[in-house]
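Chains A and B supply the protein sequences, listed in that same order. Under my numbering, the first sequence has 422 at position 426, and the numbering climbs by one with no breaks. Convert by adding 3 to the 1-based position in the second sequence; the result is the number in my numbering. Quick reminder that beta carbons are idealized off the backbone N, C-alpha and C, glycines included. The structure presented is a predicted model; accordingly, all values stated were derived computationally and were not measured.
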Amino acid sequence: MKKKLSRRTFLRGALGTAVSLPFLEAMLKPSRSVAQAVDHRKVIFFFTGCGPNPDTWWPDGTGADFRLRASLAPLEPMRDRLLLLDGISMRTAIERRGDGGNGHDVGTAHALTARPIVEGPDGVGRFGHLWDGTAGGISIDQHMANAIGGDSTFRSLEVGVRAEGIEQSLPSRISYRGRGEPVVPLHSAGATFDRVFAPLSTEGEAAARLQRRRQMMLGSVQGSLSRLRRDLGSEDRRRVDAHVSALHDIAGRLDSFEGRACDIPDRSDSGDYRELGELQLDLVARAMACDLTRVASIQWSTGQSGVRFSDLGHSNNHHSISHKGISDAAGQRESTEIDAWYATRFLHLLQALDSVENGRGGTVLDDTCVVWVNEQERGIGNQHTWRRMPYILAGGFGGAVRTGRHMDAGGRGHADIFVSLMQGLGMPDTTFGEADLCDGPITLT
Amino acid sequence: MIPEVNEPEPFVPPEAEDVCEGDRSPGRAPLRRLTVDEYDQSVLQLLGDDSHPAQRLIDDERDASADTRIVSALLAEQYMAAAEEISARATEGDELANTLGCELNDDCVHDFIDRFTSRAFRRPITEDERNELRDLYAMGKSELSEREGVMLLIETVLQSPDFLYRVERGVGSGEVLRLSDWEIATRLSFFIFGSPPDEALQDATAGGALSTDEGVAEMAATMLENPNAERMMQGFFAKLLELDHTEGLEKDPELFPEFSPEVAALFRAETQAFVHEVMIEGDGSWETLMTAPWSMMNRDLAEYYGVSGPSGDTFERVDLDPNYHSGMLTQGSVLAPRARFHETSPIHRGMFVRGSLQCGSVPDVPEGLDTTPPDPDPNLTTRERLAAHRSDPNCQDCHARFDPLGFAFEHFDAAGVYRETEQGLPIDATGEFAHFDTEGEFDGAPDLAQQLVGSPQAQTCFVEHWFNYLHARPLSEHDRCSLARSYERFRDSNFNVRELIVSLVQTDAFLYRTADQDRVPPEPTGSSSEESE
């Protein structure tokens, strides 16, 4: 399915500034010279909450000979591009849950950090209308972004689909720059467009003048920040350091803003869960296709998802359904319907990535590994457990993942998947998160 | 597995004379960054820019404590874009002279630097800052143009940490420092007005009005009389009652055909008008908020509720049946979101009372328990269908803490409307308190509310919410004395919320800060500007 993306004469730029298209084309220069496959590899994390219905999620048969069941049936057109990973637990969540938090907090915080929850300065949990405590350190997407994102226009991209509400006692975030530093995703497709596809400056002479002003501003503000940090205690200094690092990213981008020729999508927005989600997926796919970034995450709702699937005719929200009894027939059916709903969106992303050629005889999906990460093991039966976790890897990852299989990893922790992917990106890491709970990379080929 | 449930220690309200001994104890004061609303109010005050530029920032501030609000690369970019938009508007054509207050020349710009930066930083500018900004302007002017030099100044100040953060250094030496008068003015102004100190407050501060505790109390009392205090009142009650939950609220259209998103918006407007009527126009009493047998409605809302009310769009006071209605607690904004799509949820309403009004704990659901809600049954009321919670020992221990509190509201259906019966069956709105300082029974919402008003645990809980709102951090044991002093004053004023607010700004937590013990930092790692990418 190849999409023809229309162009407009004018695009609404960041915060509404109109910029003319020719500059965008100038800005998006042709790509850097072709390097090894590893340099083209990309990773996308696709997070959904509340767990699947295991009875319909896990396929019949193993190896290449498997049959998708109701939860994943929508993915049939991409069957050969999937690696269904079985035999993986969220080991850190089970063995080193950390300080407090409910089951949903644990699943969300561990999903990409693989580290115990830590107390905030005032403990952990909800205090009146404030929460405290966070995931215990950097998440895998940010760690990858630090390692490989330096040459990209965007070190990483984080988008959310109705992920702004805080239903849990922790920050309800999957992505962290470090302990106590949740990364807030872009909540609207318009904001994602403005950030990624509206340029950081305007045309020609004016662009150069604005760029110079920004450089002078950054010099002054960076100076003020470093003077301020000397006056602060360690906790406050940590916060200001995150700010310093953010400005450093901007300064780097001002000095070398480049992308590759690509189609600019239209700017549009929607509040509808499905439409907003698909717009966000399209923008992430497009950013990947344009080589503007190599690491992205998509957070669907929050862990303890309050989304009610009215288009499926559900009267209870996702979280309530997941708390129904294990043999509750309506709950079973609704849980499966939600799985299939998300599988359809997952398919949408894979097709978007597959609709763009990578210039080397394949598609962007062939270069990418899309990792479907869930918050917990099962979405029915009122359990917050992490033993048989439903991970799916999709896409060829530049030859580093052999797809079209249902594979048993034989009892590994989820951080081992991350180790395999890091090594696929050329990173030297042999562990992630709780090092002693890692067994090394899982062979994915 | 049955969760372990400990009988709580009997609740004893804090007594200042027991907990306020020895040194001052201000607790923590994490560095706070301007919220979205504070940013917008600041640029409005500084430059008359009313475009609410911060509404488009990506900022997870709802419910966030100051500790986890971090500037990401994305947010830094958005600050930059916002500052550039603001500076472009402020320097466009004739607007430039308006912004500067004089004709563009070096002297004029130097005056502007002093005035603008002192307002933006909420304190007098230092000599070093003045010189640096003058140099910056000179550089912008020579490389670019005078106008762009002014833009550069505005953009730089609006991205400076002294603007974006509420920097507090304190004065003097020792382990506990009193905040400077400027820092106290800033806390007062953001707390009560939701905006930075205006010119009048800055002048009063410069004149020494805040140099004593009494001066701070007087200033707070004066500020509470100002219409801008409404922002604090609405902000606080929106958080306490989680009014955001009215957004996107859906009800089964077959059962509640009159309900619509417009009604949900009216619910919110009702509560806002009620808060205004009590806190700004009225007696400011917590008891009134909890128990008033009246509310604020316009024609559409009164029609929806099925009561006789005003004939126009303006919200006016409407007297209600005191046997069923009780202040903010029985308003649609509170009861409709705490209900399911097609039926009430005494569980959620009870958890609101227990969690938000009593500050009591609500344990997690035990693993593996079948919590499937019973299907609707035409022959049973919701209460009767939840009877298993009271007979099954797996459920009873937890649900006894909140289900009965929710039963008090069973006269209000899932869409917030009073009902005489449920499916033709009589409604039982009685219940009993459990695991709480108030023991005993109640019948209906007004009775429940009246007992809460008399309960020291609920009284203290209300004070704690104000404390959280003021300081954007949870209470810790260091705040025991601050809490006790505020509580005593609240109690002695017969629970007057305005008195409570004045007492909060008299505490150690408000007037002092703990000196940073570890100020001399190691060289930054991982984020220094020297680091190569």
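If we call anything under 8 Å between Cβ atoms a contact, is residue i one with residue j?
i        : j        : result
A:Glu353 : A:Gly47  : no
A:Thr188 : A:Leu279 : yes
B:Ser90  : B:Glu158 : yes
A:Leu443 : A:Thr399 : Residue 443 of chain A lies beyond the range of chain A shown here (-3 to 441); nothing can be said about it.
B:Glu502 : B:Phe513 : no
B:Gln81  : A:Val217 : no
A:Ala247 : B:Ala79  : no
B:Phe344 : B:Glu425 : no
A:Ala283 : A:Leu108 : no
B:Glu435 : B:Gly447 : no
A:Phe414 : A:Ile170 : no
B:Arg31  : B:Arg476 : yes
B:Leu486 : B:Val466 : yes
B:Thr441 : B:Phe410 : no
B:Glu171 : B:Leu107 : no
B:Ala93  : B:Leu50  : yes
A:Glu115 : A:Asp101 : no
A:Tyr387 : A:Val366 : no
A:Ser301 : A:Gly45  : yes
B:Leu180 : B:Tyr515 : yes
B:Gln361 : B:Phe439 : yes
A:Gly406 : A:His36  : no
A:Ala159 : A:Pro181 : yes
A:Val59  : A:Arg401 : Sequence inspection shows Gly at residue 59 of chain A; the Val mentioned does not correspond to that position. Result yes, Cβ atoms of A:Gly59 and A:Arg401 sit closer than 8 Å.
B:Phe240 : B:Thr333 : no
A:Val155 : A:Tyr269 : no
B:His351 : B:Ala342 : yes
B:Ser28  : B:Asp511 : yes
Check residue i in the structure and name its three-state DSSP category.
i        : result
B:Val170 : coil
B:Pro230 : helix
A:Val366 : strand
B:Val310 : coil
A:Ser351 : coil
B:Asn382 : coil
B:Ser45  : helix
B:Asp450 : helix
A:Pro178 : strand
B:Glu18  : coil
A:Ala110 : coil
A:Thr188 : helix
B:Asn108 : coil
B:Lys144 : helix
B:Leu323 : coil
A:Ser27  : Here the model assigns A:Ser27 a pLDDT of 35, short of 50, so the residue's position is not dependable and the matter cannot be decided.
A:Met385 : coil
A:Lys320 : coil
B:Gln399 : helix
A:Thr198 : Unreliable placement is indicated for A:Thr198, whose pLDDT of 49 sits below 50; no coordinate value is reported for it.
A:Arg304 : coil
B:Glu95  : coil
A:Ser230 : helix
A:His402 : strand
A:Ser16  : At A:Ser16 the pLDDT is 32, less than 50, meaning the model places this residue with poor confidence; the figure from the coordinates comes in the next sentence. In the structure shown, A:Ser16 sits in a strand (DSSP, three-state: E or B).
A:Arg122 : Residue placement at A:Arg122 is flagged as unreliable, the pLDDT there being 48, under the threshold of 50; the coordinate-derived value follows with that caveat. DSSP places A:Arg122 in strand when its eight states are reduced to three.
Can you pull the chain D residues whose beta carbon is under 9 Å from the beta carbon of residue i, in chain order?
i        : result
A:Ile246 : No chain D is part of this structure, whose protein chains are labelled A and B.
>> Using a Cβ distance threshold of 8 Å, determine whether the region 340 to 348 of chain A contacts the region 61 to 80 of chain A, with at least three qualifying pairs required.
In response: yes
> How about the region 229 to 236 of chain B and the region 387 to 407 of chain B: do they share at least three Cβ pairs that are nearer than 8 Å?
Replying inline: no
> Between the region 291 to 314 of chain A and chain B, which residues of the former have a C-beta closer than 9 Å to a C-beta of the latter?
Replying inline: Arg304, Ser306, His310, Ser311, Asn312 and Asn313
> Looking at chain B, which residues of the region 76 to 93 of chain A have a Cβ within less than 8 Å of any of its Cβ atoms?
Replying inline: none
> Given 8 Å as the limit, is there contact between the region 186 to 196 of chain B and the region 218 to 234 of chain B, that is, 3 or more CB pairs closer than that?
Replying inline: The region 186 to 196 of chain B vs the region 218 to 234 of chain B: in contact.
> Listed in chain order, which residues of the region 312 to 325 of chain B have Cβ atoms closer than 7 Å to some Cβ of chain A?
Replying inline: none
> Taking any Cβ of chain B, which residues in the region 199 to 220 of chain A have a Cβ under 9 Å from it, in chain order?
Replying inline: Arg205, Leu206, Arg208, Arg209, Arg210, Met212, Met213, Leu214, Gly215, Ser216, Val217, Gln218, Gly219 and Ser220
> Would the region 286 to 293 of chain B and the region 245 to 260 of chain B be scored as touching if the rule is three or more Cβ pairs under 8 Å?
Replying inline: Using a Cβ-Cβ distance cut-off of 8 Å, the region 286 to 293 of chain B and the region 245 to 260 of chain B are not in contact, since fewer than three pairs of beta carbons, one from each stretch, lie closer than that value.
> Name the residues in the region 223 to 236 of chain A whose C-beta lies less than 8 Å from a C-beta of chain B; which are they?
Replying inline: Leu224, Arg225, Arg226, Asp227, Leu228, Gly229, Ser230, Glu231, Asp232, Arg233, Arg235 and Val236
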